[in-house]
Amino acid sequence: MPAPYDLTRDELAALLPGEPPFRARQVWDGLHARLQRPEEMTELPAALRGHLGEALAPALRQESRRTADNGQTTKWLWALGDGARVETVLMHYPDRVTACVSTQAGCAMACQFCATGQAGFRRHLSEGEIVEQVVMAAREARPRRLSNVVFMGMGEPLANYDRVWAAVERITGELGLSARHLTVSTVGIVPGIRRLAGESLPVNLAVSLHAANDALRDELVPINRRYPLAVLAEACAEYVAASGRRLSIEWALIDEVNDRDADATELADFARPLRAHVNLIPLNPTPGYPVVGSPFGRVRSFRDRLGALGVNATVRTTRGVEIDAACGQLAARAGHGPGSPVRLPRGAAGH
Ligand code: SAH
Numbered sequence: 000m001p002a003p004y005d006l007t008r009d010e011l012a013a014l015l016p017g018e019p020p021f022r023a024r025q026v027w028d029g030l031h032a033r034l035q036r037p038e039e040m041t042e043l044p045a046a047l048r049g050h051l052g053e054a055l056a057p058a059l060r061q062e063s064r065r066t067a068d069n070g071q072t073t074k075w076l077w078a079l080g081d082g083a084r085v086e087t088v089l090m091h092y093p094d095r096v097t098a099c100v101s102t103q104a105g106c107a108m109a110c111q112f113c114a115t116g117q118a119g120f121r122r123h124l125s126e127g128e129i130v131e132q133v134v135m136a137a138r139e140a141r142p143r144r145l146s147n148v149v150f151m152g153m154g155e156p157l158a159n160y161d162r163v164w165a166a167v168e169r170i171t172g173e174l175g176l177s178a179r180h181l182t183v184s185t186v187g188i189v190p191g192i193r194r195l196a197g198e199s200l201p202v203n204l205a206v207s208l209h210a211a212n213d214a215l216r217d218e219l220v221p222i223n224r225r226y227p228l229a230v231l232a233e234a235c236a237e238y239v240a241a242s243g244r245r246l247s248i249e250w251a252l253i254d255e256v257n258d259r260d261a262d263a264t265e266l267a268d269f270a271r272p273l274r275a276h277v278n279l280i281p282l283n284p285t286p287g288y289p290v291v292g293s294p295f296g297r298v299r300s301f302r303d304r305l306g307a308l309g310v311n312a313t314v315r316t317t318r319g320v321e322i323d324a325a326c327g328q329l330a331a332r333a334g335h336g337p338g339s340p341v342r343l344p345r346g347a348a349g350h
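As structure tokens, then:
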């Protein structure tokens with residue numbers, strides 16, 4: 000059965016044989032503009048509501064839902080129709096409400112320090128499975144309005160380009176979020192960045208850099224072997240020129256691995272010509288990586304050094320650490336993993 004948010008308008012209309020033509024639009028608007036389940040569409044005749052409740056069954060079944068940060072952060076673990084599992088995080092801030100959504104069950108990028116990478120790849124999510132995460136987060140956010148979506152959950156968005164982009168179009172066109180409030184985060188899949196540069200919707204791009212010399216980046220982020228830094232920098236420059244948007248660079252500070260003065264200098268040399276903004280995140284602990292995050296004093300001096308080298312940097316406080324909802328922690332514990340991971344050979348998955 001297709002996910003409700005995978006259906007086109009015509010496919011939805013085909014589920015309503017014999018109904019007056021306005022019904023399809025009513026149901027479409029209910030799903031998108033009002034974030035309703037068919038059971039909640041009281042303007043529909045009861046029998047139709049019942050029928051649609053089954054035909055448009057949710058793609059996401061809640062396995063668990065946990066909150067942290069005094070209720071400001073919520074994390075869901077969902078089971079999909081085939082048993083694959085993914086996570087979604089909702090974060091309340093004073094000035095915005097952000098959903099962090101998954102784009103794949105598992106991930107094939109194998110970044111050493113990332114819990115999802117450690118678990119391996121299972122499959123791509125469909126457009127509808129991505130959009131439904133946003134819908135669920137927006138329902139939960141009420142009475143506040145969900146304002147931002149970051150594609151920074153499980154998976155590599157640009158390795159699932161077509162479905163992610165279809166989701167971007169539905170989230171902006173039908174759910175009404177602004178493209179400027181959407182951020183696609185990538186390990187640096189160069190053909191994907193080039194495609195993004197050619198799109199008309201001005202979404203933000205974040206590149207997870209973590210190392211600005213090829214030897215170290217080859218280790219931390221193995222896709223670097225296929226798309227090394229010089230090639231990545233070129234694609235980023237193309238994106239910035241084409242979109243007019245600011246690029247951000249994500250850098251997880253790892254104790255004595257990428258937090259030394261020389262690392263800051265290399266990062267500044269990469270970021271400055273791109274006028275990129277750097278987000279510094281002290282590494283969150285994950286089971287498969289023995290190194291810890293940089294101590295706070297080091298984080299601060301790294302930021303100050305970048306500033307002195309002419310690069311704006313912000314230290315990001317992480318949300319939901321105690322419920323494993325923080326950056327790179329989405330993956331799951333015993334029995335909740337993405338299920339039968341298929342490890343692709345290094346570098347085999349980026350296209
Ligand atoms: N695959 C995409 C999006 C998912 S990861 C990407 O890599 O950008 C979202 C962010 O969390 C990335 O910047 C990633 O590098 C970072 N991250 C992964 N593991 C982390 C960890 N253990 N601590 C801090 N950040 C981490």
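Residues in the sequence shown are numbered from 0 upward in steps of one, following numbering that gives the first Met the number 0. Backbone N, C-alpha and C fix where the C-beta goes; we use that ideal spot for every residue, glycine too.
Span separating the alpha-carbon of residue 79 from that of residue 5: 14 Å
Backbone secondary structure at residue 120 - three-state DSSP: strand
Per DSSP, cross-strand counterpart(s) of residue 415: Since the first residue of the chain shown is 0 and the last is 350, residue 415 is not available in this structure.
Between the CA atoms of residue 17 and residue 8 - distance to the nearest angstrom: 16 Å
Whole-angstrom C-beta distance between residue 151 and residue 106, which should lie under 8 Å: The Cβ separation is near 12 Å, so there is no contact.
Per DSSP, cross-strand counterpart(s) of residue 105: 120
Where residue 338 falls, given that 16 or more other Cβ within 10 Å makes a residue buried: Low local confidence applies: a pLDDT of 41 at residue 338 is under 50, so the model's placement there is unreliable, with the coordinate-based value given in what follows. Burial call: buried.
CB contact flag (residue 285, residue 117, <8 Å): yes
Segment contact, 8 Å Cβ cut-off, at least three pairs: the region 129-141 with the region 84-104: yes
Completely contained alpha helix (DSSP H) runs for the region 16-62, where each covers 4 or more residues: 21-31, 45-54
Selection from 147, 291, 56 that minimises the alpha carbon distance to residue 93: 147
Cross-strand partners of residue 253 (DSSP beta bridge): 292
Nearest neighbour of residue 139, chosen from 24, 287, 184, 34 [CA to CA]: 34
Beta-carbon gap between residue 320 and residue 283 smaller than 8 Å: yes
Member of 100, 197, 188 whose CA lies at the smallest distance from the CA of residue 166: 100
The ligand SAH heavy atom lying under 7 Å from the CB of residue 196: no
Residue of 74, 305, 238 minimising C-alpha distance to residue 187: 238
Outcome for residue 182 when other beta-carbon atoms lying within 10 angstroms are tallied against a minimum of 16: buried
For residue 1, the three-state DSSP class (helix, strand or coil): coil
Inter-stretch contact (C-beta, 8 Å, three-pair minimum) for the region 262-277 and the region 297-310: yes
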